[in-house]
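Undergrad: Take a look at the following structure, please.
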Amino acid sequence: MTPPETNRSSQLLRLLGVGFGIAVTIGGTIGTGILRRPGTIAQELGQPSLALLIWTLVGIYALVGSLQVIELGTMLPKAGAWYVFARRAFGDYAGFLIGIGSWLGSISAMAFGAAVMGEYIALLVPASSGYIKPMAIGILVLFVAFHWVGVRLASQAQEVMSFLKAVGLLAFVFVCFAYTPDEPIQFSGDNTLPIQGSLTVAVLAALQSVFYTYDGWHTAAYFTEEDVDPSKNLPRSMLAGVLLIIGIYLLVNLALFHVLPIERLAQSKLPAADAIQTLYGPASARVVTGLLLISIMGIINAQIMFNPRVLFAISRDGLFSRFFARVNAGGTPGRAMILTAGMSILMIITGTYGKLSDIASFFFVLCYAAGFASLIRLRQTAPELPRPFRAWGYPVSTWVMLAASLAFLVGVIVSDPYSSAYAVGFIIISYPAYRLVKQLNR
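Using this note's numbering, you'd call the opening residue of the sequence shown number 7 and step up by one each time.
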């Protein structure tokens, strides 16, 4: 009898290229944060130049981090990204912990995104405001049905949504810079606000806010097994995608500072909408709501592509039920996708996605740290592995990224010890769960 892991139905299809890699990097990263967070950052830091510095520093973190992930992804071109790296470097249990943590975290993020999308639909269609939960569930069901058709159609949709998202943001930037304010906005001097409390605390809070806005820069690494030539395409798609994200984020911030004085920006919950209203009146805010919807659709589309592949990879390796290690005729890990979306729907029904999203922040940062540690470990223990791309600046760059990730992890724990305690509790129970799964799969 053919072992389940070698059965043809457990093989992903090689259909993807550079265009998709760039699109899924942009689509998996740029969400609502860039249109919402600048107001929070302005309030915390009180100075445009300092805010731009924070956005730039985290962008550099994402760029240098992508160099590490490119080496790992081209060295181990399998679906699963962080899970694959941790398992190869540190063994099955480390892979199980990182893989399940990553999967659960992305499930809660997808549920949160669908719920937010329902809220924005309600803003455009007020009569639907009482049906946000059913709309969120319906959105996920529609995405599942769409993705069941196959990876080719799903990848094309990702390319279209990411293109529309990037064009929409750049159009927003152009419109803002076409406006001439009564008084030119200054990036220092009078155009500052006093910082409430410690500058160090304010900078750390701003770093964490921007850090989560950049989360997703690694998304292309989940699809190396389906790339027609990952050794060439992953470096091109990740570097191009991350550089575009950094450019768009900085341009949007500059555009907002050009239109809105720091006092108004700091008070704004949705600065992009306030900037457009300044230019075209209250009715124009609907344009920003439409852009937010496109952004969220791109995020959900990317999540419902990459997250089932994590569960698929774990299952294929015998660390979860092999029932989910199946790929349909269109190249979609359908069973894994249904369970992934079903878990998100359960979170929407129970209203637990918000708290679980807080806990997920711990695991997202843990995945980064584990990935960089995996690169260091594999350089030492597996020098024979093919490395079509080597991380620039190794070992200094990798150690710096590991230290920065651990620092962010400490920041997550300090800023939200309650949620972090639940995350630590999950780590404690994960080992017995791992042993049970291994026993059942013997």
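C-beta: ideal position from N, C-alpha, C; glycine also.
1) Under DSSP, the alpha helix (DSSP H) around G23 begins and ends at which residues?
2) With respect to the alpha helix (DSSP H) encompassing H264, which residues constitute its N-terminal and C-terminal limits?
3) Which residue marks the beginning of the alpha helix (DSSP H) containing G37, and which one marks its end?
4) Which residue's Cα is closest to the Cα of P457: T31, N259 and Q17?
5) With DSSP run on the structure shown, which of helix, strand or coil describes D233?
6) Beta-carbon separation of F178 and V258 under 8 Å?
7) Would you call the CB atoms of F169 and A261 closer than 8 Å?
8) Nearest to L442 by alpha carbon, out of R393, I434, L325 and I344?
9) When you compare only the Cα positions, how much space is there between M407 and I66?
10) Is I433 buried or exposed, if buried means 16 or more other CB atoms sit within 10 Å of its CB?
11) Here's a check: name, in chain order, each residue in its chain whose Cβ is nearer than 7 Å to the Cβ of Y440, leaving out the five neighbours to either side.
12) For V333, does the three-state DSSP call read helix, strand or coil?
13) Please determine if the stretch 72-92 and the stretch 102-118 are in contact, where contact requires at least 3 C-beta pairs separated by less than 8 Å.
14) Taking only runs of the alpha helix (DSSP H) that begin and end inside the stretch 111-169, which ones reach a length of at least 4 residues, in chain order?
15) Does the beta-carbon of G357 have 16 or more other beta-carbons within 10 angstroms, so that it is buried, or is it exposed?
16) Alpha carbon to alpha carbon, what distance is there between R93 and S421?
17) Does the stretch 409-419 come into contact with the stretch 365-375, if we say contact requires no fewer than three beta-carbon pairs (one atom in each stretch) closer than 8 Å?
18) Counting Cβ pairs, one atom from each stretch, are 3 or more of them under 8 Å apart for the stretch 13-29 and the stretch 215-235?
19) Measure the C-alpha to C-alpha separation of S114 and I344 and round it to an integer number of angstroms.
20) Going along the chain, which residues of its own chain have a beta-carbon closer than 7 Å to the beta-carbon of L19, five neighbours each way excluded?
21) Can you list, in chain order, the residues of its chain whose CB lies under 8 Å from that of S290, leaving out five sequence neighbours each side?
22) Here's a check: name, in chain order, each residue in its chain whose Cβ is nearer than 6 Å to the Cβ of G253, leaving out the five neighbours to either side.
23) Could you check how far apart the C-beta atoms of N447 and R270 are, in whole angstroms? I think they sit under 8 Å.
24) Let me know the secondary structure DSSP gives W61 once reduced to three states.
25) With respect to the alpha helix (DSSP H) encompassing G304, which residues constitute its N-terminal and C-terminal limits?
26) In whole angstroms, what separates the C-alpha of T206 from that of I60?
27) Inspect the beta-carbon positions of G340 and W154 and report whether they are closer than 8 Å.
28) Does F395 come out as helix, strand or coil in the three-state DSSP assignment?
29) Report all residues from its chain with a CB closer than 7 Å to the CB of L362; omit the five preceding and five following residues, and keep chain order.
30) Where do the ends of the alpha helix (DSSP H) carrying T356 lie?
31) Thinking just about the alpha-carbon of each residue, which of L51, S243 and A397 is nearest to the one in A208?
32) Hey, A204 and P394: beta-carbon distance below 8 Å or not?
33) Alpha carbon to alpha carbon, how far is A95 from W398?
34) Just checking my contact of I302 with G111 at CB under 8 Å: how many whole Å lie between their CB atoms?
35) Could you check which residue in T186, V248, L250 and M349 has the C-alpha nearest to that of L285?
TA: A quick look at the data gives this:
1) Unbroken run through G23: none, as it is neither H nor E.
2) Element bounds for H264: P236 to V265.
3) Looking at the DSSP string, G37 is not in any alpha helix (DSSP H), and its letter there is neither H nor E.
4) With the chain represented from 7 up to 448, any question about residue 457 goes unanswered, as that position is not in the structure.
5) Assignment of D233 by DSSP, reduced to helix, strand and coil, places it in the strand class.
6) Taking 8 Å as the Cβ cut-off, F178 and V258 qualify as a contacting pair.
7) Not in contact: F169 and A261 (Cβ atoms no closer than 8 Å).
8) For L442, the nearest C-alpha among the options comes from L325.
9) The alpha-carbon atoms of M407 and I66 are separated by roughly 10 Å.
10) Counting Cβ neighbours within 10 Å, I433 comes out exposed, since fewer than 16 surround it.
11) The answer, listed in chain order, is Y99 and F102.
12) Residue state, collapsed to three classes: coil.
13) The stretch 72-92 makes contact with the stretch 102-118; the number of CB pairs closer than 8 Å reaches 3 or more.
14) Entirely contained in the stretch 111-169, the alpha helix (DSSP H) runs reaching 4 residues are, in chain order, 138-154.
15) Exposed is the label assigned to G357, since fewer than 16 other Cβ atoms lie within 10 Å of its Cβ.
16) For S421 and R93, the distance between alpha carbons rounds to 29 Å.
17) Proximity of the stretch 409-419 to the stretch 365-375 meets the contact definition, three or more beta-carbon pairs being nearer than 8 Å.
18) Here the stretch 13-29 lies against the stretch 215-235, with 3 or more beta-carbon pairs under 8 Å apart.
19) For the pair S114 and I344, the Cα-to-Cα distance works out to about 15 Å.
20) Counting only Cβ-Cβ distances below 7 Å, and skipping sequence neighbours, we find V157, E232 and G337.
21) These residues qualify, in order along the chain: I282 and Q283.
22) Excluding the 5 residues flanking it on each side, G253 has no same chain C-beta neighbour closer than 6 Å.
23) That pair is no contact at about 58 Å.
24) Helix at W61.
25) Its alpha helix (DSSP H) spans residues A291 to R322.
26) If you draw a straight line from the Cα of T206 to the Cα of I60, it is about 13 Å long.
27) It is a contact, given that the beta carbons lie within the stated cut-off.
28) In this structure, F395 counts as coil in the three-state DSSP scheme.
29) Closer than 7 Å at the Cβ level, and outside the excluded window around L362, lie S114 and M353.
30) Unbroken alpha helix (DSSP H) run through T356: G340 to T356.
31) Comparing C-alpha distances from A208 to each of L51, S243 and A397 shows the shortest one belongs to L51.
32) Looking at the sequence provided, one finds Ser at residue 204 rather than Ala. In this structure, P394 does not lie closer than 8 Å to S204 by Cβ.
33) Distance between the alpha carbons of A95 and W398 is about 20 Å.
34) The pair is not a contact, with the Cβ atoms about 17 Å apart (cut-off 8 Å).
35) Nearest of T186, V248, L250 and M349 to L285, Cα basis: T186.
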